[in-house]
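Asks:
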RNA sequence: GCCCGGAUAGCUCAGUCGGCAGAGCGUCUCACUCGUAAUGAGAAGGUCGCGAGUUCAAUUCUCGCUCCGGGCUCCA
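Residue numbers (the numbering used here): 13 to 517.
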């Protein structure tokens, strides 16, 4: 109890005559207060339960210490918390520790370094990354795929700048609601400018650039847009929490009547795109209005919330409702994916917005010639390309499928005599568009195999005298249990790789 | 932002109770020419994160800053 002066304070406050402190009121308002005694010297006021005595903890290991705000409120003092893990048996404890080690091996920050994908140089500043060639080619594959899907989905590609006048963010409401998350303004000769924290205000300007007809709706504007948001220093975490990132962002302008259909087809689109990246399990969350932190009429909110709900229900999707978790301008559906080791990541978001069209005074001409207000949907599928890549690295543990792998094939000549043939194989595969490298026989074959495996290359081809004679290759498939496949005709291998790439497996 | 911890070679890390710093891996050179997860020998490689202070002397002690890690809080 001596170590829990705050609990002492609660008890004093509760027992103190006429005390009206918040804590006292809160505790005294409950049905009862429970105490647990684990030894003569450790008595804890706690809702419990506690184990009868520490012997029941079984096999444990202390893991870390960290600060934690009293009652989870950052305005309150900070306490020291000691974290440990306890298991019934030594075996289970050990298994848990092994699981932690495995998770650490897929940490995207570690793999990004090991696989030379990207880095976070201190000289660049916190929460900012530079992409190296191998990370860059993967990113290009991701973005190219996204662009292709959006082309197919009748999205219109737009580009907008990284800075905008403060007036734009006054109009959009961001300066009112989100100034803390925006970078400080730049004063220039003709006004005040901010790095953009969102793309939507600019897309609204594009909509508003001329008179719009109902015939144009839904108008789907798409951009891989870089945004900058101030994240507090202690919250930064590799690619998963970063200060500059790129959204696969779209704003869809449609009529109120089109909204349910548009949401329904969006849900299909999201799921289909995420599945291409190897995700199979999805969780849906519907977030509703927080009256304290929102704008717009109840009518608008109800309409938008119902449209989202209808979209989910039309698909028969199970979803959870997060009351009060909506954006300031509207309700949303967030989509979480489950990765290869069962962890959940929030990626996609679909947000209804009746507010921005109002603020930007957007209109279209209806069939009857009347001017009407469009409805707007914000949506991102990957969310942030940077964050998505971080999740993808962890999902695949760095072993990217062939269509994403920075190097798809490494060709290893058994000895110097086979070098010329290895170069031929490389030339042939490169010519048809594969990313392929060769490593000369300066080191023993075993070592070169090992290095290629550590780089998680999908296919390692070994070529020796037999292969030179017969136009074949020895194929090592990443992760295969059996030994290498010998004497595979080169054309046959090329066909197999092409199929992998095409099917994104 | 807050609490605790950290920053030494390209990477992983040891070390200096204050006296111009080390290993393994990697890199480079030479030899080896090898059929499936580490060939051998040699060499190069460091403003000991940045800035101030104390000291005859600071990578080491003190202070400030930057960046990183584990949490907390926050995340349109």
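A virtual CB, placed ideally from N, CA and C, is assigned to each residue, including glycine.
#1: Please work out which residues of its chain come closer than 6 Å, Cβ to Cβ, to residue 215, disregarding the five sequence neighbours upstream and downstream, and give them in chain order.
#2: DSSP three-state label for residue 204, please.
#3: DSSP three-state label for residue 334, please.
#4: So what does DSSP say about residue 33, is it helix, strand or coil?
#5: Please name the residue or residues paired with residue 259 in a DSSP beta bridge.
#6: How long is the line joining the alpha carbons of residue 128 and residue 348, rounded to whole angstroms?
#7: DSSP state of residue 58, grouped into three classes?
#8: Buried or exposed: where does residue 15 fall if 16 or more other Cβ atoms within 10 Å of its Cβ makes it buried?
#9: Might you give, ordered along the chain, the residues of its own chain that have their beta carbon closer than 6 Å to the beta carbon of residue 514, omitting 5 neighbours on each side?
#10: Can you tell me the Cα-Cα spacing of residue 11 and residue 446, whole angstroms?
#11: Please classify residue 37 as buried or exposed, where buried requires at least 16 neighbouring CB atoms within 10 angstroms.
#12: Which of the three DSSP states is assigned to residue 194 in this structure?
#13: Quick check on this structure: which residue in 489, 482, 466 has the alpha carbon closest to the alpha carbon of residue 473?
#14: Taking the alpha carbon of residue 83 as the reference point, which residue from 431, 58, 192, 223 has its own alpha carbon closest?
#15: Quick one: which unbroken beta strand (DSSP E) runs of 3-plus residues sit fully inside the stretch 88-153? Chain order, please.
#16: Are the stretch 377-386 and the stretch 432-442 in contact at 8 Å, needing three or more beta carbon pairs?
#17: Quick check: what's the CA-CA separation for residue 278 versus residue 362?
#18: Have a look at residue 499 and residue 289 and give me their C-alpha separation to the nearest angstrom.
#19: Excluding the 5 residues flanking residue 210 on each side, which residues of the same chain have their C-beta closer than 7 Å to its C-beta?
#20: Let me know the secondary structure DSSP gives residue 219 once reduced to three states.
#21: Taking buried to mean at least 16 other C-beta atoms within 10 Å of its own C-beta, is residue 503 buried or exposed?
#22: In the DSSP output, what is residue 358 paired with across the bridge?
#23: In chain order, which beta strand (DSSP E) runs of at least 3 residues are fully inside the stretch 443-490?
#24: Are at least three pairs of beta-carbons, each pair with one atom in the stretch 354-361 and one in the stretch 306-313, less than 8 Å apart?
#25: The alpha helix (DSSP H) with residue 184 in it runs from where to where?
#26: So, for residue 63: in the same chain, excluding its five sequence neighbours on each side, which residues have a beta-carbon less than 7 Å away from its beta-carbon?
#27: Tell whether a beta-carbon distance below 8 Å holds between residue 175 and residue 213.
#28: CB-CB under 7 Å to residue 108, same chain, minus the five flanking residues each way: which ones, in chain order?
#29: Nearest to residue 397 by alpha carbon, out of 106, 152, 177?
#30: Which residues in the same chain have their Cβ closer than 8 Å to the Cβ of residue 7, if we skip the five residues on either side of it in sequence?
#31: Who does residue 384 pair with in a DSSP beta bridge?
#32: Can you find the residues in the same chain that come closer than 8 Å, C-beta to C-beta, to residue 29, ignoring five residues on each side of it along the sequence?
#33: If you measure between the beta carbons of residue 369 and residue 386, is that distance less than 8 Å?
#34: Looking at the unbroken alpha helix (DSSP H) that takes in residue 282, where does it start and where does it end?
#35: Between residue 302 and residue 343, what straight-line distance do the alpha-carbon atoms span, to the nearest angstrom?
#36: So, at 8 Å on beta carbons, what are the nonlocal neighbours of residue 77 in its own chain, with the 5 sequence-adjacent residues on each side left out?
Replies: This is what the structure holds:
#1: 233, 263
#2: strand
#3: strand
#4: Only weak support is given to the placement of residue 33: the predicted model assigns it a pLDDT of 47, under 50, and the value that follows is read from those uncertain coordinates. DSSP places residue 33 in the coil class of the three-state scheme, outside both helix and strand.
#5: 237, 396
#6: 28 Å
#7: coil
#8: With a pLDDT of only 46 at residue 15, under 50, the local geometry of the prediction cannot be trusted, and the value read off the model is given with reservation. With fewer than 16 other Cβ atoms within 10 Å, it is exposed.
#9: The answer is none, since no qualifying residue turns up.
#10: Because residue 11 is not part of the residues shown, which for the chain are 13 to 517, the question remains open.
#11: Any reading at residue 37 needs caution, since the residue's pLDDT is 49, under 50, leaving its predicted position unreliable; the model's value is listed next. Looking at its Cβ environment, which holds fewer than 16 other Cβ atoms inside 10 Å, residue 37 is exposed.
#12: coil
#13: 489
#14: 58
#15: Qualifying beta strand (DSSP E) stretches, in chain order: 90-99.
#16: no
#17: 8 Å
#18: 32 Å
#19: Contacts found: 186, 239.
#20: helix
#21: exposed
#22: 348
#23: Runs of the beta strand (DSSP E) inside the stretch 443-490: 448-450, 471-475, 484-489.
#24: Too few Cβ pairs lie closer than 8 Å, so no.
#25: Element bounds for residue 184: 178-184.
#26: 69
#27: no
#28: 97, 99
#29: 152
#30: The displayed coordinates of the chain run from 13 to 517. Any statement about residue 7 would go beyond what the structure contains.
#31: 376
#32: Because the pLDDT of residue 29 is 45, which lies under 50, any placement of that residue in the model is unreliable, and the question is left without a value.
#33: yes
#34: It spans 271-288 - the alpha helix (DSSP H) in which residue 282 sits, taken as one unbroken run.
#35: 9 Å
#36: Annotation for residue 77: 92, 93, 94, 95 place their beta carbon closer than 8 Å to its own, counting only its chain and skipping 5 residues before and after.
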